[in-house]
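K.L.:
Number of protein chains: 2
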Amino acid sequence: MAAGYFGAGKQNDTGTFEFSIRRLPRGRDFVVAAGLHRAVEYLLNLSFDADEIGYLRGLPNFRAVPEEFWDYLANFRFTGDVFAVPEGTLVYEGQPVMNIRAPLIEGQIPETYLLSAITFETLIATKAARIVHASEGRDVIEFGTRRAHTPEAGVLGARAAYIGGCAGTSNVLAGYQYGIPVMGTAAHSWVMSFGSETEAFSTLQRLLGENTIQLIDTYDAVEGARIAAGLGKPLWGVRLDSGDLPALSREIRGILDAAGLQSTRILASGDLDESKIAAIVATGAPIDAFGVGTELATSGDAPSMGAIYKLVEIKHDGQVRYTSKRSPDKHTIPGTKQLFRYPDFDLLGLHNECAGGAEAMLKPVIIGGDLVGSLPSAGQIRKRARCALAPWPPGIRRTEYSASLQRLLSA
Amino acid sequence: MAAGYFGAGKQNDTGTFEFSIRRLPRGRDFVVAAGLHRAVEYLLNLSFDADEIGYLRGLPNFRAVPEEFWDYLANFRFTGDVFAVPEGTLVYEGQPVMNIRAPLIEGQIPETYLLSAITFETLIATKAARIVHASEGRDVIEFGTRRAHTPEAGVLGARAAYIGGCAGTSNVLAGYQYGIPVMGTAAHSWVMSFGSETEAFSTLQRLLGENTIQLIDTYDAVEGARIAAGLGKPLWGVRLDSGDLPALSREIRGILDAAGLQSTRILASGDLDESKIAAIVATGAPIDAFGVGTELATSGDAPSMGAIYKLVEIKHDGQVRYTSKRSPDKHTIPGTKQLFRYPDFDLLGLHNECAGGAEAMLKPVIIGGDLVGSLPSAGQIRKRARCALAPWPPGIRRTEYSASLQRLLSA
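Protein chains in written order, with the numbering used here: chain P, 1 to 411; chain D, 412 to 822.
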């Protein structure tokens with residue numbers, strides 16, 4: 001398409017591409033926006049090296065491409081403007097997440113990358129918010145890298161889960177890269193590598209001291225709890241990873257309390273999600289924290305959502321034309337928009353409208369190819385999301401269209 | 412755990428870690444193994460730089476770690492052996508995919524990375540095989556990067572989809588990195604950037620010639636088909652991305668044929684998966700190829716599976732001990748194993764058994780930290796998978812245990 005725009009003499013046309021949530025993920029009333037940091041990193045560094053250009057030149061699809069296109073590509077960099085909702089913002093169905101205003105080619109090339117990067121972290125941050133809510137104040141720790149769709153998705157999913165409210169992650173690389181608290185326990189392999197649980201537990205305790213969490217269910221959870229309790233303090237907690245969690249946690253709480261370990265926590269894990277956690281919490285089980293893996297790292301019940309990236313406006317020779325798609329069930333709304341958030345409802349208007357008393361949610365991120373200010377840390381974004389998510393549930397928010405947008409729609 | 416093994420004086424103990432499929436993904440009778448290439452790349456390059464070690468030293472969990480551990484980590488490299496089933500091999504429930512025999516720490520550190528890398532590509536290659544089968548000989552093109560869980564997952568998913576039988580991908584980076592055929596169409600933005608479909612289509616045709624595929628449903632698919640047909644040859648195909656695909660394809664086939672475009676193909680896409688494709692194929696709709704995105708790129712109906720990485724054997728001071736986990740529903744089988752494949756069934760035995768007439772499926776990949784031979788290309792792996800998948804369905808394969816393994820299990 002880039003070569004086609006170039007060949008058609010459209011390299012000086014500018015367009016606005018809108019990234020929006022056409023359909024929310026299954027079973028969701030809102031999403032927690034995340035992933036913008038990677039979009040920014042990508043756009044600021046987007047370029048094509050000689051090997052890549054050589055590969056493209058060899059493809060049959062590029063046979064009729066004018067020679068000047070390859071020079072254009074060799075000098076390519078993103079020079080446009082990006083407006084986006086900050087990470088940690090709640091977004092509702094039909095709302096825009098980002099606008100890219102740029103020469104047509106510069107706005108077109110990033111489409112696929114941006115859809116994947118932003119959609120994925122948004123799915124995971126949203127799933128995390130649901131799980132954290134179900135946990136009713138207990139810490140939730142992200143344990144899902146091994147089930148993430150590639151190791152990179154594990155790192156970025158850990159970041160998104162933290163934004164969504166998790167207390168930390170077992171992904172140490174995510175901790176290193178994004179300043180997220182890292183926490184976890186030794187695995188079953190640790191226990192199995194010793195001749196006995198007593199030896200495995202006491203060795204870990206010597207190493208970790210106050211941070212010790214014993215994984216007690218390699219052989220038999222109750223017996224494991226007795227052994228851990230027998231070793232006494234220091235013992236931050238014990239982890240249960242299988243079996244009937246409410247029943248076992250009660251029995252184990254009794255064992256710990258009887259050994260004077262009232263402050264030792266019980267951490268539960270094992271194929272948990274928001275509904276299983278809600279059911280466990282409802283039993284009053286003495287579980288202090290949850291480790292959540294597979295379902296969180298893959299957004300298991302809703303692993304995709306209908307995010308779209310569409311051309312909404314184009315400027316050719318100084319003339320603006322509003323564009324939209326009219327396929328059945330897949331229509332789009334023309335025009336460069338702004339999302340105005342009022343206390344009680346949202347207003348979708350044109351980007352140059354003024355809506356007094358509302359917050360304009362699409363904020364400048366990149367202008368003329370340069371970053372505006374600096375991006376917030378994962379911790380700052382997490383705080384923003386926490387404010388937006390209280391009180392729960394954020395519910396369904398009405399989105400109205402401004403009079404100008406309505407005129408454009410009926411034009 | 413690495414620091415703990417070191418602190419406990421276990422750095423000279425060696426272990427075998429087994430990567431196996433404890434539970435197949437939902438609704439699957441087998442998986443197509445994929446992802447080994449990344450495991451190899453990771454293991455051959457695994458090391459820790461000064462910044463990373465500095466970060467780890469600052470974590471509270473590492474306070475009691477002996478100083479020598481940091482020197483150990485600075486000099487760390489993987490020196491063990493890896494045996495694995497080749498990519499493109501069919502694997503059944505309960506079967507091993509990989510053994511890692513190495514000093515305990517070297518085998519432990521890679522656990523999470525390997526689980527994520529291999530599980531993900533295996534899920535996608537398996538999903539692709541199902542979709543390709545449902546398409547009954549029609550080409551399936553992987554269109555899913557925008558829905559993949561990060562852009563990297565898009566590239567690796569495209570590779571896995573190709574291994575599973577797809578004809579190509581719209582992910583150009585995957586084409587560049589793995590030699591996969593790249594194919595696709597212009598997007599709706601292309602059509603919308605022109606004042607009319609006639610202009611958009613004729614411009615694309617000039618650029619792409621025989622490779623032209625027109626996306627005809629931006630406004631109205633039948634009208635789009637008439638415009639594309641009116642422009643005549645060259646026209647490889649038209650793409651339908653919405654609406655009632657069987658009915659529309661019939662109408663559009665008529666329009667193309669009436670214009671003398673009998674050799675122009677119809678490519679259909681739009682939230683497809685294996686069951687929707689099977690239903691479309693059953694109607695006899697004149698669709699020549701399918702583009703599949705979301706469901707393929709996320710393995711939508713089964714976005715995770717129960718792959719595990721467990722210590723099965725440990726050697727300390729020359730003494731071998733077999734290890735297993737006995738948690739409820741999560742027990743593991745001790746001992747370093749080999750998977751022997753006979754024509755009619757599989758035999759799981761110990762790694763040093765001899766099973767005449769069977770193929771030993773776990774083959775040496777890395778020995779003493781060095782790669783054995785070179786890895787096959789994505790195209791070679793795809794051929795292997797294609798042979799393994801014919802005739803369809805590969806069905807449920809019986810896995811027997813050898814007498815030696817049974818003795819170990821009951822010991």
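Don't be surprised by glycine CBs; every beta carbon is placed ideally from N, CA and C. Remember, predicted model here, so these are calculated numbers, not experimental data.
Starting from residue 306/P, trace the beta strand (DSSP E) in both directions and tell me its first and last residue.
P.N.:
The count along the first sequence starts at 1 and reaches residue 306/P at position 306. Element bounds for residue 306/P: 306-316.
K.L.:
Please give the ranges of any alpha helix (DSSP H) in the region 230-312 of chain P, keeping only runs that are unbroken, at least 4 residues long and fully inside the region.
P.N.:
List check, alpha helix (DSSP H) in window: 245-258, 274-282, 294-298.
K.L.:
Could you give the C-beta distance for residue 511/D and residue 427/D, rounded to a whole number, given that I count them as a contact under 8 Å?
P.N.:
For the purposes of this step, residue 511/D is taken as residue 100 along the second sequence, with counting starting at 1. For the purposes of this step, residue 427/D is taken as residue 16 along the second sequence, with counting starting at 1. Yes, they are in contact, since the Cβ atoms of residue 511/D and residue 427/D sit about 7 Å apart, within 8 Å.
K.L.:
For residue 509/D, which beta-bridge partners are listed by DSSP?
P.N.:
Position 98 of the second sequence, counting from 1, holds the residue named residue 509/D. Its beta-bridge partners are 430/D, 495/D.
K.L.:
The beta strand (DSSP E) that contains residue 340/P, what's its start and end?
P.N.:
In the first sequence, residue 340/P corresponds to position 340, counting from 1. Where residue 340/P is concerned, the enclosing beta strand (DSSP E) stretches over 337-341.
K.L.:
Between the region 703-717 of chain D and the region 212-225 of chain P, can you find at least three pairs of beta-carbon atoms closer than 8 Å?
P.N.:
Contact fails: fewer than three Cβ-Cβ distances are below 8 Å.
K.L.:
Taking 8 Å as the CB-CB cut-off, is residue 703/D touching chain P?
P.N.:
Along the second sequence, one-based indexing puts residue 703/D at 292. No, its Cβ sits nowhere closer than 8 Å to a Cβ of chain P.
K.L.:
In the DSSP output, which residue or residues are listed as bridge partners for residue 732/D?
P.N.:
As a working note, residue 732/D is residue 321 in the second sequence. Answer by DSSP bridge pairing, in chain order: 725/D.
K.L.:
Counting beta carbon pairs with one atom in the region 739-752 of chain D and one in the region 458-469 of chain D, are three or more of them shorter than 8 Å?
P.N.:
No, because fewer than three Cβ pairs between the region 458-469 of chain D and the region 739-752 of chain D fall closer than 8 Å, the two stretches do not touch.
K.L.:
Select from the region 714-734 of chain D all residues with a C-beta closer than 7 Å to any C-beta belonging to chain P, and list them in chain order.
P.N.:
Within the region 714-734 of chain D, the residues whose Cβ lies closer than 7 Å to some Cβ of chain P are 714, 715, 721, 722, 725, 734, listed in chain order.
K.L.:
Check each candidate in 42/P, 45/P, 87/P and name the one with the smallest Cα separation from residue 375/P.
P.N.:
The residue you call residue 375/P lines up with position 375 of the first sequence. For the residues 42/P, 45/P, 87/P, the minimum Cα distance to residue 375/P belongs to 87/P.
K.L.:
Mind checking whether residue 723/D and residue 429/D have CB atoms under 8 Å apart?
P.N.:
Along the second sequence, one-based indexing puts residue 723/D at 312. Along the second sequence, one-based indexing puts residue 429/D at 18. Closer than 8 Å, so yes.
K.L.:
Taking a contact to mean a Cβ-Cβ separation below 8 Å, would you say residue 134/P touches residue 34/P in this structure?
P.N.:
As a first step, residue 134/P is located in the first sequence; it is residue number 134 there, counting from the start. As a first step, residue 34/P is located in the first sequence; it is residue number 34 there, counting from the start. Taking 8 Å as the Cβ cut-off, residue 134/P and residue 34/P do not qualify as a contacting pair.
K.L.:
Does the beta-carbon of residue 63/P have 16 or more other beta-carbons within 10 angstroms, so that it is buried, or is it exposed?
P.N.:
Residue mapping note: residue 63/P aligns to position 63 of the first sequence, counting from 1. Looking at its Cβ environment, which holds fewer than 16 other Cβ atoms inside 10 Å, residue 63/P is exposed.
K.L.:
Pop quiz: residue 385/P and residue 39/P are said to be a contact at Cβ under 8 Å. What is the actual Cβ separation, rounded to whole angstroms?
P.N.:
Sequence index remark: in the first sequence, residue 385/P carries index 385 (1-based). Sequence index remark: in the first sequence, residue 39/P carries index 39 (1-based). Going by Cβ atoms, the distance from residue 385/P to residue 39/P rounds to 18 Å, so no, they are not a contact pair.
K.L.:
If I'm right that residue 777/D touches residue 783/D with Cβ under 8 Å, what's the distance once you round it to whole angstroms?
P.N.:
Position 366 of the second sequence, counted from the start, is the residue given in the question as residue 777/D. Position 372 of the second sequence, counted from the start, is the residue given in the question as residue 783/D. Correct: roughly 7 Å between the Cβ atoms.
K.L.:
Is the distance from the Cβ of residue 148/P to the Cβ of residue 527/D below 8 Å?
P.N.:
Locating residue 148/P in the first sequence gives position 148, where the first residue counts as 1. Locating residue 527/D in the second sequence gives position 116, where the first residue counts as 1. In contact: residue 148/P and residue 527/D (Cβ atoms closer than 8 Å).
K.L.:
Could you tell me which of 588/D, 601/D, 705/D, 514/D sits nearest to residue 680/D, measuring between CA atoms?
P.N.:
By one-based count along the second sequence, residue 680/D stands at place 269. Of the listed residues, the one whose Cα sits closest to residue 680/D is 705/D.
K.L.:
Pull up the distance between the alpha-carbon of residue 205/P and that of residue 234/P, whole angstroms please.
P.N.:
Position 205 of the first sequence, counting from 1, holds the residue named residue 205/P. Position 234 of the first sequence, counting from 1, holds the residue named residue 234/P. Using only the alpha carbons, I get a separation of about 7 Å.
K.L.:
Beta-carbon separation of residue 346/P and residue 283/P under 8 Å?
P.N.:
In the first sequence, counting from the first residue as 1, residue 346/P sits at position 346. In the first sequence, counting from the first residue as 1, residue 283/P sits at position 283. No.
K.L.:
Among the residues of its own chain, which have a CB less than 6 Å from the CB of residue 316/P, if the five just before and after it don't count?
P.N.:
For the purposes of this step, residue 316/P is taken as residue 316 along the first sequence, with counting starting at 1. Taken in chain order, the residues that qualify are 13.
K.L.:
Taking residue 240/P as the reference, give the member of 26/P, 224/P, 91/P, 255/P with the closest Cα.
P.N.:
The residue you call residue 240/P lines up with position 240 of the first sequence. The candidate whose alpha carbon is nearest that of residue 240/P is 224/P.
K.L.:
Assuming contact is defined by CB atoms lying nearer than 8 Å, are residue 413/P and residue 194/P in contact in what I supplied?
P.N.:
In this structure chain P extends from 1 to 411, so residue 413/P is not present and cannot be described.
K.L.:
Run down chain P in chain order and give the residues with a C-beta less than 7 Å from the C-beta of residue 562/D.
P.N.:
Taking the first residue of the second sequence as position 1, residue 562/D is located at position 151. Simply 113, 116, 117.
K.L.:
Can you have a look at residue 144/P and say buried or exposed, based on whether 16 or more other CB atoms are within 10 angstroms of its CB?
P.N.:
Within the first sequence, residue 144/P is the residue found at index 144, counting from 1. Classification of residue 144/P: buried, given that the 10 Å Cβ count is 16 or more.
K.L.:
Please give the ranges of any alpha helix (DSSP H) in the region 169-229 of chain P, keeping only runs that are unbroken, at least 4 residues long and fully inside the region.
P.N.:
Runs of the alpha helix (DSSP H) inside the region 169-229 of chain P: 172-178, 188-192, 197-208.
K.L.:
DSSP on residue 330/P, reduced to helix/strand/coil?
P.N.:
Residue 330/P sits at position 330 when you count from the first residue of the first sequence. Residue 330/P falls in the coil class under three-state DSSP.
K.L.:
Taking the beta carbon of residue 500/D as the centre, do at least 16 other beta carbons fall within 10 Å, making it buried, or is it exposed?
P.N.:
The residue given as residue 500/D occupies position 89 in the second sequence. By the neighbour-count rule (16 or more Cβ atoms within 10 Å), residue 500/D is buried.
K.L.:
Residue 416/D: which of 187/P, 65/P, 348/P sits nearest, CA to CA?
P.N.:
Translated into positions along the second sequence, residue 416/D becomes position 5. Answer by Cα proximity: 187/P.
K.L.:
Helix, strand or coil: how does DSSP classify residue 820/D here?
P.N.:
Within the second sequence, numbered from 1, the residue matching residue 820/D stands at position 409. Correct three-state label for residue 820/D: helix.
K.L.:
Measure the C-alpha to C-alpha separation of residue 85/P and residue 699/D and round it to an integer number of angstroms.
P.N.:
Taking the first sequence and counting its residues from 1, the one referred to as residue 85/P is at position 85. Taking the second sequence and counting its residues from 1, the one referred to as residue 699/D is at position 288. Computed Cα separation, rounded: 41 Å.
K.L.:
Can you tell which of 691/D, 643/D, 687/D, 648/D has its C-alpha closest to the C-alpha of residue 658/D?
P.N.:
Residue 658/D sits at position 247 when you count from the first residue of the second sequence. When each option's Cα is compared against that of residue 658/D, the closest is 691/D.
K.L.:
Which bits of chain P does residue 471/D rub up against, with CB to CB less than 7 Å?
P.N.:
Stepping through the second sequence from its first residue, residue 471/D is reached at position 60. Simply 211.
K.L.:
Is the beta carbon of residue 158/P sitting closer than 8 Å to the one on residue 171/P?
P.N.:
On the first sequence, position 158 is the one that residue 158/P refers to. On the first sequence, position 171 is the one that residue 171/P refers to. The answer is yes: Cβ separation under 8 Å.
K.L.:
Pick out whichever of 271/P, 242/P, 237/P, 272/P has its Cα sitting closest to the Cα of residue 255/P.
P.N.:
The residue labelled residue 255/P in the question sits at position 255 within the first sequence. If we check each option's Cα against that of residue 255/P, 237/P comes out closest.
K.L.:
Below 7 Å CB to CB, which residues in the same chain sit around residue 227/P once its five sequence neighbours on both sides are set aside?
P.N.:
To locate residue 227/P, count along the first sequence from 1; it is residue 227. Same-chain partners within the cutoff: 197, 198, 201.
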